[in-house]
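To keep things clear, I will list the structure first and then write my remarks on it.
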Amino acid sequence: MSIKKAVIPASGVGTRFLPTTKAIPKELLPLLDKPLIQYAVEEAVASGIREVILVTSQGKEALERYFEPDPALESFLKDRGSLELQDEVRRVTSLAKMSYVEQKEPLGLGHAVLTAKDLVGDEPFAVMLPDDVIQSAKPALGQMIEVYHSQGGGVIAVEEVPRDQVSSYGVITPEPLSDEVYRIHGVVEKPPPEKAPSNLAIVGRYILPPEIFDCLERTCPGAKGEIQLTDGLALLMETQELYGYRFSGTRHDGGTPLGLLKASLAMALAREDTRAAILETIKQHLPA
Ligand code: G1P
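Quick note, the sequence shown lines up with residues 109 to 396 if you use this note's numbering.
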């Protein structure tokens, strides 16, 4: 079955970006010249997905507004002759068919995904965490969809991280099937390094069967007292095969102020129109 829908959980409080996130959803903070959320939506679209379900929460209405047409702004830009900007503003509103569902209580990532159950329906779908921004020649989610079709089971993006960082991630028990694909024998959320089954950390991209919803309904609060997606995956694995996939590309963590700054620098250095200016600025700040 083809993957037609992506769920993007965007209901978190954005604690790491307070006080900014008192007034602005974290997902609208800019990475260079676009908000974080747009990178995820564009990756979904580049991977062949046309429907995006955003899980939001109270106070994050600006996320919906961002993807809605703004005729007054468009005619203002047109009158000023800013036609490229007008196009860009309009393009954002037609990237994908957007729908929204509100997570009423902050009960965790697994619960946020479960909130999208009715909008997803009875078909396999993608989950994308917008904090994880992936730079790659071929969209990471598109790579995973290919693995999903060749393996015929759910696929989770993974990457190797230093042992002392595993406690920030979900971690898999892998059985290598090739250089990039693993059969997953277990998953654990944020283990201490000495208890981690490997250093293969879950990155925020998943292709999941609809049975995950039943599993999430049965998932009890875990790490941080929240209903964790990883714990739902552990239940799913009792009846279904899951595969880990080491994607090609570079992941940036846009979920912390320092991570967002590093991601901005990496992107700016990779782009021709900004590279020279950023290199010059970095040089100016290096000790002589
Ligand atoms: C979430 C998931 C975790 C995964 C991570 C990837 O954690 O719970 O399994 O490794 O995203 O970014 P969070 O970063 O929300 O704490």
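We put the CB at the ideal spot given by N, CA and C, even for glycine.
When the Cα of VAL296 is compared with those of LEU316, PRO317, VAL274, ARG313, which residue comes out closest?
VAL274
With a CB to CB cut of under 6 Å and the five nearest residues on each side skipped, what residues in its chain are close to GLN194?
GLU182, LEU185, LYS186
Residue ranges of each alpha helix (DSSP H) within the stretch 227-291, 4 or longer:
248-259
Check this for me: beta carbons of ILE161 and MET252, under 8 Å apart or not?
no
Straight-line Cα distance separating ALA396 from LEU249
43 Å
Among residues of its own chain, excluding the 5 on either side of LEU215, which ones have a beta-carbon nearer than 8 Å to its beta-carbon?
PRO329, GLU334, ILE335
At a threshold of 7 Å, does GLN336 count as lining the ligand G1P (C-beta to nearest heavy atom)?
yes
For LEU316, is the beta carbon positioned less than 7 Å from some heavy atom of the ligand G1P?
no
Considering Cα atoms alone, identify which of PRO179, GLU283, ILE320 is closest to ASN307.
GLU283
Using 7 Å as the cut-off, classify the Cβ of ILE280 as near or not near the heavy atoms of the ligand G1P, replying yes or no.
no
Rounded to whole angstroms, what's the CA-CA distance from SER218 to VAL209? Just pull it up for me.
The sequence shown places Gly at residue 218, rather than the Ser named in the question. C-alpha separation (whole angstroms): 14 Å.
Let me check understanding here. Comparing Cα to Cα, which of VAL197, GLY352, GLU196, GLU267 lies closest to ARG291?
GLY352
So the candidates are LEU341, ILE242, SER119, GLU135; which of them puts its Cα closest to the Cα of ALA371?
ILE242
Say yes only if the C-beta of GLY340 is nearer than 7 Å to one or more non-hydrogen atoms of the ligand G1P, and no if none qualify.
no
Indicate whether the contact test is met: 3 or more Cβ pairs, each with one atom in the stretch 140-154 and one in the stretch 227-244, closer than 8 Å.
yes
Among the candidates SER286, THR358, LEU366, LYS168, whose CA atom is the shortest distance from the CA of SER244?
THR358
Using the beta-carbon count (16 or more within 10 Å), is THR164 buried or exposed?
buried
So is the beta-carbon of ALA371 under 7 Å away from any non-hydrogen atom of the ligand G1P?
no
In the DSSP assignment, find the unbroken alpha helix (DSSP H) run with SER183 in it and report its ends.
179-187
Using a threshold of 7 Å, is the CB atom of TYR277 nearer than that to any non-hydrogen atom of the ligand G1P?
yes
Going by Cα to Cα distance, which pick from GLY156, PRO232, VAL263 is closest to THR338?
VAL263
Candidates SER356, GLU169, MET375: which alpha carbon is nearest GLU254's?
SER356
If you follow the alpha helix (DSSP H) that THR382 is part of, which residue opens it and which one closes it?
380-393
For the beta strand (DSSP E) that contains LEU162, what are its first and last residues?
159-164
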